[in-house]
Amino acid sequence: MYRDAPLEGPACYKHAAAPGAASCARCGRALCDPCVVYDVSMAHCIDCARRQRRRRALGAAAKIGAVLALVVGAAVGVATRPRPFDYGADTARITQLHNKVMTERCDKRASLELEEALNQAGDYRRALVDSDGYFKQCGEWYRLRWVRYGADQHLGDHAAAVEEATKLMAHDPQDHDYPWWRGMAYEEMGRIDDAIADYRRTLVLLPAADRIPFNLAALLEQKGQFCEARRPILQFLQHFPDYATKPKIVEQLDRLRILGHCTD
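Numbering (my numbering), first residue to last: 7 to 270.
Right, here's the structure in full:
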């Protein structure tokens, strides 16, 4: 998970608050850690990864169809059997980690490595199932909540991601990342006021946060609170004065001032 990353470099194409950790091998868009999907050991955005897997699935279906045309009696059994997840180059490592976890269920390091590998391979559902198994047998461990948050976000289950971030906030109320993780999930759900509240929590815990001010400003502008939207940007400039002359920031502040008839 991205934590305390600098402002330099492109932001994630989907989450402006998150720095790009990789670029999609097909479309080139910048991706934050939770948005990276590995397909054949290469980083992809979720859209490109789905297209790649759909092409492979269609190719596999064509081959299966040819076989079924010859072996009609086996059609029902083949059609109803779930297709195993394709881990590609990660198959051997995931199998090894799975075997270790099954032998030593409460081995924290092995469990974390397995679930992170599953997330990287794109098997988010299995990562959630396996972490459930850890919690059931071994008790709570906050670090696995990071993995679950990323899996939930990838699956589009933003309500579940909110639950994970809420548990992390309860575990460590002073961690400045957890509120904005939850804020991102709230924003995806369209719960703008809740997202605003969480982004503000982050700025209280870390006044010098370098991306959250712009996420917060965008939501406040969306609500028509133009003068209020200027404040997090001005707070950002107090900590990063070198950005005060950046054209995009100057333009944004001027636009908000004009729209809101602001006097500050």
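Note that the Cβ used here is the ideal one computed from N, Cα and C, for glycine as well.
The structure displayed is predicted, hence computed values, not measured ones.
The beta carbon of L103 lies closer than 7 Å to those of A116, E119, L120, A123 in the same chain, with the five residues before and after it left out. Contact between C33 and C51 holds, since their C-beta atoms are separated by about 6 Å, short of 8 Å. Here DSSP, grouped into helix, strand and coil, assigns P179 to coil.
Counting only the Cα atoms, I202 lies some 25 Å from P253. Sequence-distant partners of A235 (beyond 5 residues in either direction) whose C-beta falls short of 7 Å from its own C-beta, in its chain, are A223, L226, E227, L262. In this structure, DSSP gives A214 a state outside helix and strand, which the three-state scheme calls coil. In this structure, DSSP gives V135 a helical state, which the three-state scheme calls helix. In this chain, the alpha helix (DSSP H) harbouring Y148 covers 148-161. For the pair E169 and Y249, the Cα-to-Cα distance works out to about 35 Å.
Taking 8 Å as the cut-off, the beta carbon of V43 is found no closer than this to the beta carbon of A31. Counting along the chain, D260 sits inside the alpha helix (DSSP H) bounded by residues 253-266. The criterion of a C-beta distance shorter than 8 Å is not satisfied by G94 and N125. In this structure, F242 keeps its C-beta atom at 8 Å or more from the C-beta atom of D260. Of E257, A165, R151, G196, the smallest CA-CA separation from L174 is found for R151. Annotation: H160 to V256 spans about 34 Å, alpha carbon to alpha carbon.
DSSP places T109 inside the alpha helix (DSSP H), whose first and last residues are 97-109.
A49 carries a strand assignment under DSSP once its states are collapsed to helix, strand and coil. Between L211 and H177, the gap from beta carbon to beta carbon reaches 8 Å or more. Judged by their CB atoms, M195 and A171 are not nearer to each other than the 8 Å cut-off. For S29, the beta-bridge partners assigned by DSSP are A36. Contact check for F220 and G266: beta-carbon distance about 17 Å, past the 8 Å limit, so the pair fails to qualify. Counted as a single uninterrupted DSSP element, the alpha helix (DSSP H) harbouring F242 occupies residues 232-245. For A166, the three-state secondary structure derived from DSSP is helix. With a cutoff of 8 Å on beta-carbon distance, D204 and W186 are scored as near each other. Under the criterion of beta carbons closer than 8 Å, W147 and K114 qualify as touching, at roughly 6 Å.
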